[in-house]
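Presented below is the structure to which this report refers.
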Amino acid sequence: MTCEIPVRDQPRLHGPRAPHPPNDPTHHPYNDPTSTLVSATALDFLLIELVPMAYRITADLALREDDWVTSSNTVGGGLKPPGSGSGADDTSSAMGGKGGDSGTGGGAGGTGTVDEEDAREAVFHRLETLGYRVGLGVVERFSRDKPRPTSPLDVIKFLCKDLWTLLFRKQIDNLKTNHRGIYVLTDNAFKPLSRMSFDTKKYDAAVQAAAQAAHGGDPALGPDASTLARAQPFLYFPAGLIRGSLAALGIVATVQAESSGLPAATFQIRTVGAKA
Numbered sequence: 001m002t003c004e005i006p007v008r009d010q011p012r013l014h015g016p017r018a019p020h021p022p023n024d025p026t027h028h029p030y031n032d033p034t035s036t037l038v039s040a041t042a043l044d045f046l047l048i049e050l051v052p053m054a055y056r057i058t059a060d061l062a063l064r065e066d067d068w069v070t071s072s073n074t075v076g077g078g079l080k081p082p083g084s085g086s087g088a089d090d091t092s093s094a095m096g097g098k099g100g101d102s103g104t105g106g107g108a109g110g111t112g113t114v115d116e117e118d119a120r121e122a123v124f125h126r127l128e129t130l131g132y133r134v135g136l137g138v139v140e141r142f143s144r145d146k147p148r149p150t151s152p153l154d155v156i157k158f159l160c161k162d163l164w165t166l167l168f169r170k171q172i173d174n175l176k177t178n179h180r181g182i183y184v185l186t187d188n189a190f191k192p193l194s195r196m197s198f199d200t201k202k203y204d205a206a207v208q209a210a211a212q213a214a215h216g217g218d219p220a221l222g223p224d225a226s227t228l229a230r231a232q233p234f235l236y237f238p239a240g241l242i243r244g245s246l247a248a249l250g251i252v253a254t255v256q257a258e259s260s261g262l263p264a265a266t267f268q269i270r271t272v273g274a275k276a
């Protein structure tokens with residue numbers, strides 16, 4: 001069942017004078033010397049840099065772990081050759097994982113001795129956790145002077161209308177629900193994906209199979225990765241942001257984000273105890 005979100009009715013103006021436009025420098029908060037303003041594009045720039053930064057941090061942590069394991073295998077003041085000790089198998093931790101070959105990272109350097117699956121999981125965990133913390137703070141600040149929604153459906157509508165406008169300067173385009181705890185949010189022009197270039201190449205099954213074999217079974221990590229595969233990590237932070245916002249409003253849920261065609265994005269919210 002599809003729940004269409006109606007556009008909120010515009011308030012009628014009473015009296016001979018119209019209210020100040022939102023960009024009027026004489027209007028609050030522009031005339032308040034204690035108010036703090038942030039550029040509307042700051043979040044866009046932040047999201048652009050978050051994914052490469054996450055891959056760089058993951059690679060740096062893996063290098064530190066490699067150095068620690070190597071130094072712990074020192075015998076008589078000398079270093080064991082790489083791979084000669086048990087430390088060679090200890091470098092594939094979840095917090096490690098180098099994104100050097102990862103096209104999805106968009107900027108991580110180095111060649112990875114850690115499985116790319118571990119790198120991707122570490123990057124996902126880092127970005128999703130950052131988004132979760134931001135979502136908690138945004139809801140606490142934004143709903144401080146407003147009544148909070150009570151029912152789960154009202155919470156989802158609050159997310160689609162108010163929070164989405166605050167974060168991405170537009171309402172969600174479509175909301176679907178089965179009324180059993182599963183909600184599907186569709187944004188046909190998702191801001192973080194709106195400035196990405198499009199890869200029009202089409203790769204046959206042989207190229208995809210070669211990419212999977214060379215890059216840990218994930219074609220998104222290879223040079224022949226499609227645009228959608230490369231764009232996927234940029235949805236990790238928004239997914240965490242949605243989960244954090246819902247948690248701040250009393251709903252525990254998992255959020256799965258994907259894109260079937262840029263710049264559109266789909267977020268599936270599955271609350272605890274949801275039934276398909």
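Going by UniProt numbering, the sequence shown opens with residue 1, and the numbers climb by one from there. Ideal Cβ placement from N, Cα and C applies to all residues, glycine included.
Answer yes or no: do residue i and residue j have a C-beta to C-beta separation smaller than 7 Å?
i, j, result
"leucine 50", "phenylalanine 237", "yes"
"glycine 131", "leucine 241", "yes"
"alanine 253", "arginine 230", "no"
"threonine 177", "alanine 119", "no"
"alanine 274", "valine 255", "no"
"proline 152", "isoleucine 251", "yes"
"glycine 244", "leucine 136", "yes"
Less than 8 Å between the CB atoms is what I'm expecting for residue i and residue j, so what's the real figure, rounded?
i, j, result
"leucine 193", "leucine 262", "5 Å"
"tryptophan 164", "isoleucine 172", "5 Å"
"asparagine 188", "alanine 264", "5 Å"
"alanine 40", "arginine 180", "So it is not a contact: roughly 37 Å between Cβ atoms."
Cα-Cα, which of the options is closest to residue i?
i, options, result
"threonine 266", "Phe124, Gly250, Leu185", "Leu185"
"threonine 150", "Val272, Leu249, Ala40", "Leu249"
"serine 260", "Ile251, Asp145, Gln232, Ala276", "Gln232"
"alanine 247", "Ala62, Leu159, Asn174", "Leu159"
"arginine 141", "Thr74, Glu116, Val123, Asp162", "Asp162"
"glutamate 116", "Trp68, Ala62, Ile48, Thr34", "Ala62"
Rounded to the nearest angstrom, what separates residue i and residue j at their Cα positions?
i, j, result
"leucine 43", "valine 134", "11 Å"
"methionine 196", "glutamate 121", "23 Å"
"leucine 127", "tyrosine 55", "10 Å"
"tyrosine 183", "glutamine 268", "6 Å"
"valine 138", "leucine 235", "18 Å"
"serine 143", "threonine 227", "37 Å"
"asparagine 73", "valine 123", "28 Å"
"phenylalanine 190", "serine 71", "47 Å"
"valine 272", "aspartate 154", "17 Å"
"proline 52", "glutamate 65", "20 Å"
"aspartate 67", "isoleucine 48", "30 Å"
"proline 33", "valine 69", "54 Å"
"serine 93", "alanine 276", "Residue placement at serine 93 is poorly supported in this model, since its pLDDT is 34, which falls under 50; the coordinates still yield a value, given next. Whole-angstrom Cα-Cα distance: 34 Å."
"aspartate 145", "threonine 129", "26 Å"
"histidine 125", "aspartate 60", "16 Å"
If you follow the beta strand (DSSP E) that residue i is part of, which residue opens it and which one closes it?
i, result
"valine 184", "182 to 187"
"alanine 229", "Element bounds for alanine 229: not the beta strand (DSSP E) but the alpha helix (DSSP H), 227 to 231."
"isoleucine 156", "Where isoleucine 156 is concerned, there is no enclosing beta strand (DSSP E), although the alpha helix (DSSP H) it sits in stretches over 152 to 158."
"isoleucine 242", "Isoleucine 242 -> not in any beta strand (DSSP E); alpha helix (DSSP H) instead, spanning 236 to 248."
"isoleucine 269", "265 to 271"
"glutamine 171", "Where glutamine 171 is concerned, there is no enclosing beta strand (DSSP E), given that its DSSP letter is neither H nor E."
"alanine 257", "253 to 258"
Which residue comes first and which comes last in the alpha helix (DSSP H) that contains residue i?
i, result
"isoleucine 48", "42 to 72"
"alanine 119", "116 to 142"
"threonine 177", "Where threonine 177 is concerned, there is no enclosing alpha helix (DSSP H), although the beta strand (DSSP E) it sits in stretches over 174 to 177."
"threonine 165", "164 to 168"
So is residue i in contact with chain B if we call contact Cβ pairs under 7 Å?
i, result
"leucine 235", "The structure shown has no chain B; it contains just one protein chain."
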